[in-house]
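Peer 1:
Chains as they are written, first to last, in this note's numbering: chain A, 5 to 312; chain B, 16 to 651.
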């Protein structure tokens, strides 16, 4: 506020107000938690293709083919250590690792087919996610993509994730709570495609009635239809990025166009080319531009020494 | 007038200082705060990373702290702001052309110096008129400047149906306005660019029926170069006269003898080619980690060591970087990884980027990312010698007395100098005179802005000794390591690993696989890491259109290789038990296995003397064993 008529005393006052608290300033480094605390998530690494997880609860036992492991042994140890089993004379062992979204994806219980780490990495990068973004995701599924997004939008961002299966909604909510990320995410029980009338909605607000006037990038043909069912229920231009992992994503595109901030990015993940075709057509129609379809495939190399 | 001048200057100065004092004062406090470990402890709950164990109490306390301070302050947290949707003065912007070319443009209101802010097809353009436009605007290349077009225009201009229907017999449906993405011509059909003359794939254009179309084909096409009525010189004349691109294209179409005989797809391709030549357009795209990487990968992949944008995305994801963490990066990729990291971490946390030579060489590249002050500040440049040299400091346990002696002995002069700086800093007399003598207020504003920026940098720059202390400190271990250099990855990684906290991921990138397979084996041999994976990816882009969906003709296979892993705790992550202890354990095992082992151990004990044993004794022993074994097998 550069007020030209300010006498010097007012300027002094303003200056004092504008000297912000240094605690607001960046360079806030989190020391990674080194020691396993009770009830914290631990990823248990048995072998390169076998990972699982546990919440270190005193008194519980984790069993796998290498033996039985008492959770009490986990608590107090540093992450990255090797734990020997209590049974079979301590011959079996596992490694305890600090959880990351990638390890979580490999160890979590699959409720639906998940997006693997390679695709998740490319999606998060292409959507230009950064801290304190607001993101919408539809098709929570098992929550594996959600965790990758949450890692990036911490600490003050928000992920609105939508799932139309009640059981999965509850499971996801519990999981986010247990993993300590529930302040970053809102799980909505809602069908963003709006395929069925009058179900749900514990969020309370009906779909927005205003026409989708603002779209990502260049707006060519504002959508004149009234959106009466489905939708994200967040209002107009609220999300910086939207991600769709649905069997029929083109049904959600008009709602996405309404909810996204102009200049925001939308992404969708489809296993079939027919879905991609329909989606690209819908996206062009609702005023998005610069659509690209890519496929990324992983090739893993094994390294071993042999004698010849 | 002379009496007024001093007050004018001081007013401007105070206004300036007042508006920027926030950033600078915060910076000053932050340098002090960062040295104070207590501060970081209280904040630890507030910056949570995704799978943290959720320190409830600390979080609530920090939330109160944060909430309380927010009430007193009118100033918003600068890190909550998202990147703006409009171009600002001094921003870099990427221009995407329809033919796939990507060019950087520096949007400055006034341009000084030799290199123009934008150079396209051998012409330089001023960029002042781009400031204030929203990202995503389509620009047309005029003769002397870039002309922003209205919303709704696409990079491929919408050729009106009048041109087509005039010259073609077959009716083509009216393309819906604004349909088609990026580089697609409206519905009438477009596949990839192929020429009308000398078209090796012209046959491929034949009947590919798109639902109810009367498709012509090119069976009667005679491939001579005489189809176009307007000569090359005439076209140049039209251009000189300032005829608009669309008119030129329309004229070319009208005067083409073979246009009518083309298939729909071929017509579209022809139009598209002419448009790209005479009516070039581009779209303004924001510079982010992936767009900058893509631009460089297309233009000069050798300079960035062949890091493709999906490889960069993987590096960012697998290294588990997030707000508030500390990353150590060593790269020789022109700064794309550091820049992408700075954007991805949003000003939180620390990026310790190692550089060789006198000073960091990527600063020009980093500028392309349009980083905010906070993001730029989160990059800490550190000389490689501090970490990689022979006598580099290695994090030692705090109990070691030698480290404390060292830190007391050396005084940090640079730090003392920095502590003496005060902001707002009153103008010195010669500066004041200089300001007074300036011609315009605009120049004054510019000068003061530069001065503020200089002070801000001085106040926030870390000293060499402070940096060394970081490397010493075992409490400040990094939470991930990213390596992407042209130097031997094994040696570098082994030197950098002590600086990584246990159970934290590291990512090593290399253009070639051989150094990484060596690294893999070395890590396995020394038992330093777990979950080692050596991967590469291939990346394929598709053209998705009704009836014409296919992968693009060229697919990238050479995006480099990645080795990722998780570091094991050096103390408890390896075999904490000796091999002999394991043997005793195994022997003491209850049950059949234990007994068998004990037996075989005793049997082995007897063997050493077997040379002295007589043959008969040997035979006797063998007989006894045989009987025991028989008994066992019978009892089974």
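Don't be surprised by glycine CBs; every beta carbon is placed ideally from N, CA and C.
1. State whether the segment 378-392 of chain B contacts the segment 350-366 of chain B, with contact taken as three or more CB pairs (one from each stretch) at a distance under 8 Å.
2. Can you give, in chain order, each stretch of the beta strand (DSSP E) that sits fully within the segment 143-169 of chain A and has at least 3 residues?
3. Taking any Cβ of chain A, which residues in the segment 296-319 of chain B have a Cβ under 8 Å from it, in chain order?
4. According to DSSP, is residue 580/B part of a helix, a strand, or is it coil?
5. Tell me the residue span of the alpha helix (DSSP H) that contains residue 4/B.
6. Could you check where the beta strand (DSSP E) with residue 163/B kicks off and where it finishes?
7. What are the residues in the segment 42-64 of chain A lying within 8 Å of chain B by C-beta distance?
8. Hey, how far is the Cα of residue 267/B from the Cα of residue 151/B?
9. Residue 190/A lies in the beta strand (DSSP E); which residues open and close that run?
10. Taking residue 72/A and residue 62/A to be in contact with their CB atoms under 8 Å, please state how far apart those CB atoms are, rounded to whole angstroms.
11. Kindly say whether residue 277/A, judged by its beta-carbon, lies nearer than 8 Å to any beta-carbon of chain B.
12. Since I believe residue 303/A is in contact with residue 248/B (beta carbons under 8 Å), could you give me their beta-carbon distance rounded to a whole number of angstroms?
13. List in chain order: all unbroken beta strand (DSSP E) runs of 3+ residues lying wholly within the segment 478-529 of chain B.
14. Run down chain A in chain order and give the residues with a C-beta less than 7 Å from the C-beta of residue 535/B.
15. Considering Cα atoms alone, identify which of 373/B, 287/B, 309/B is closest to residue 111/B.
16. In whole angstroms, what is the alpha-carbon distance linking residue 325/B and residue 281/A?
17. Just the Cα atoms here: how many angstroms apart are residue 306/B and residue 382/B?
18. Listing by chain order, which chain B residues have their CB less than 9 Å from the CB of residue 251/A?
19. Using C-beta distances below 6 Å, list every residue in its chain close to residue 38/A, excluding the 5 sequence neighbours before and after it, in chain order.
20. Comparing C-alpha positions only, which one of 491/B, 140/B, 131/B, 148/B sits nearest to residue 104/B?
21. Excluding the 5 residues flanking residue 185/A on each side, which residues of the same chain have their C-beta closer than 7 Å to its C-beta?
22. Let me know if residue 632/B comes out buried or exposed under the rule of 16 or more other beta-carbons within 10 Å of its beta-carbon.
23. Below 8 Å on the Cβ atoms is my guess for residue 143/A versus residue 167/A; work out the distance and round it to an integer in Å.
24. Considering only residues of the same chain and omitting the five flanking positions on each side of residue 285/B, which have a CB-CB separation below 8 Å?
25. So which of 272/A, 284/A, 70/A has the shortest CA-CA distance to residue 149/A?
26. Quick one: grab the DSSP three-state call for residue 306/A.
27. Can you give the Cα-Cα distance for residue 113/B and residue 290/B, rounded to whole angstroms?
28. Straight-line CA distance for residue 54/A to residue 292/A?
29. Just list the residues that DSSP pairs residue 299/A with in beta bridges.
30. Skipping 5 residues on each side, what residues in its chain have a beta carbon closer than 8 Å to that of residue 80/A?
31. With distances taken between CB atoms, is the gap from residue 84/A to residue 584/B smaller than 8 Å?
32. Out of curiosity, what's the CA-to-CA distance linking residue 183/A and residue 105/A?
33. Nearest to residue 64/A by CA position, among 70/A, 140/A, 77/A, is which residue?
34. Please list the partners that residue 267/A has in chain B, where partner means a Cβ-to-Cβ separation under 7 Å.
35. Which residues, in chain order, does the segment 123-137 of chain A contribute to contact with chain B at a C-beta distance below 9 Å?
36. Quick check on residue 329/B: does DSSP put it in helix, strand or coil?
Peer 2: The short version:
1. yes
2. 162-167
3. Answer set for the segment 296-319 of chain B: 298, 300, 301, 303, 304, 305.
4. If you number the second chain from 1, residue 580/B lands on position 565. Note: residue 580/B maps to strand in three-state DSSP.
5. It is not possible to answer for residue 4/B, since the shown part of chain B is limited to 16 through 651.
6. Residue numbering aside, residue 163/B sits at position 148 when the second chain is read from its first letter. Start and end: 161-163.
7. Going along the segment 42-64 of chain A in chain order, one finds 43, 44, 45, 49, 52 with a Cβ nearer than 8 Å to chain B.
8. The residue labelled residue 267/B in the question sits at position 252 within the second chain. The residue labelled residue 151/B in the question sits at position 136 within the second chain. One C-alpha to the other measures close to 30 Å.
9. If you number the first chain from 1, residue 190/A lands on position 186. Start and end: 189-193.
10. If you number the first chain from 1, residue 72/A lands on position 68. If you number the first chain from 1, residue 62/A lands on position 58. Between residue 62/A and residue 72/A the Cβ distance is about 15 Å, and since that is not below 8 Å, they are no contact.
11. The residue you call residue 277/A lines up with position 273 of the first chain. Yes - at least one Cβ of chain B is within 8 Å of the one on residue 277/A.
12. The residue you call residue 248/B lines up with position 233 of the second chain. The residue you call residue 303/A lines up with position 299 of the first chain. The pair is not a contact, with the Cβ atoms about 53 Å apart (cut-off 8 Å).
13. 495-499, 520-525
14. Taking the first residue of the second chain as position 1, residue 535/B is located at position 520. Simply 307.
15. Within the second chain, residue 111/B is the residue found at index 96, counting from 1. Between residue 111/B and the set 373/B, 287/B, 309/B, the nearest pair of CA atoms involves 309/B.
16. For this step, residue 325/B is matched to residue 310 along the second chain. For this step, residue 281/A is matched to residue 277 along the first chain. Taking the straight line from one Cα to the other gives about 22 Å.
17. Within the second chain, residue 306/B is the residue found at index 291, counting from 1. Within the second chain, residue 382/B is the residue found at index 367, counting from 1. The alpha-carbon of residue 306/B is positioned some 14 Å away from that of residue 382/B.
18. Walking along the first chain from the start, residue 251/A turns up at place 247. The contacting residues do not exist; residue 251/A stays about 17 Å from chain B at best.
19. Taking the first chain and counting its residues from 1, one reaches residue 38/A at position 34. Counting only residues of its own chain and dropping the five nearest sequence neighbours on each side, residue 38/A has a CB closer than 6 Å to the CB of 82.
20. Taking the first residue of the second chain as 1, we reach residue 104/B at position 89. For residue 104/B, the nearest C-alpha among the options comes from 148/B.
21. For this step, residue 185/A is matched to residue 181 along the first chain. Within the same chain, and ignoring the five residues on either side of residue 185/A in sequence, the residues whose Cβ sits closer than 7 Å to its Cβ are 154.
22. As a working note, residue 632/B is residue 617 in the second chain. Exposed: under 16 other Cβ atoms inside 10 Å.
23. On the first chain, position 139 is the one that residue 143/A refers to. On the first chain, position 163 is the one that residue 167/A refers to. Contact flag correct, Cβ pair sits at about 7 Å.
24. To locate residue 285/B, count along the second chain from 1; it is residue 270. Result list for residue 285/B: 211, 268, 271, 274, 277, in chain order.
25. The residue you call residue 149/A lines up with position 145 of the first chain. Of 272/A, 284/A, 70/A, the residue nearest in Cα terms is 272/A.
26. Within the first chain, the letter at position 302 stands for residue 306/A. In this structure, residue 306/A counts as coil in the three-state DSSP scheme.
27. Working through the second chain from its first residue, we reach residue 113/B at position 98. Working through the second chain from its first residue, we reach residue 290/B at position 275. Distance between the alpha carbons of residue 113/B and residue 290/B is about 9 Å.
28. Numbered from 1 along the first chain, position 50 holds the residue referred to as residue 54/A. Numbered from 1 along the first chain, position 288 holds the residue referred to as residue 292/A. Taking the straight line from one Cα to the other gives about 42 Å.
29. Locating residue 299/A in the first chain gives position 295, where the first residue counts as 1. For residue 299/A, which the question treats as bridged, DSSP gives the partners 555/B.
30. Here residue 80/A refers to the residue found at position 76 of the first chain. When the five nearest sequence neighbours on each side are left out, the beta carbons in the same chain lying within less than 8 Å of the beta carbon of residue 80/A are those of 39, 40, in order along the chain.
31. Here residue 84/A corresponds to residue number 80 of the first chain, with the count starting at 1. Here residue 584/B corresponds to residue number 569 of the second chain, with the count starting at 1. Taking 8 Å as the Cβ cut-off, residue 84/A and residue 584/B qualify as a contacting pair.
32. Taking the first residue of the first chain as 1, we reach residue 183/A at position 179. Taking the first residue of the first chain as 1, we reach residue 105/A at position 101. About 11 Å.
33. By one-based count along the first chain, residue 64/A stands at place 60. Checked all of 70/A, 140/A, 77/A; the closest Cα to residue 64/A is 77/A.
34. Looking up residue 267/A in the first chain gives position 263. What residue 267/A touches in chain B: 100, 149, 150, 151.
35. Under the 9 Å Cβ criterion, the segment 123-137 of chain A contributes 124, 125, 126, 127, 128, 129, 130, 132, 133, 134, 135, 136, 137.
36. Residue mapping note: residue 329/B aligns to position 314 of the second chain, counting from 1. DSSP places residue 329/B in helix when its eight states are reduced to three.
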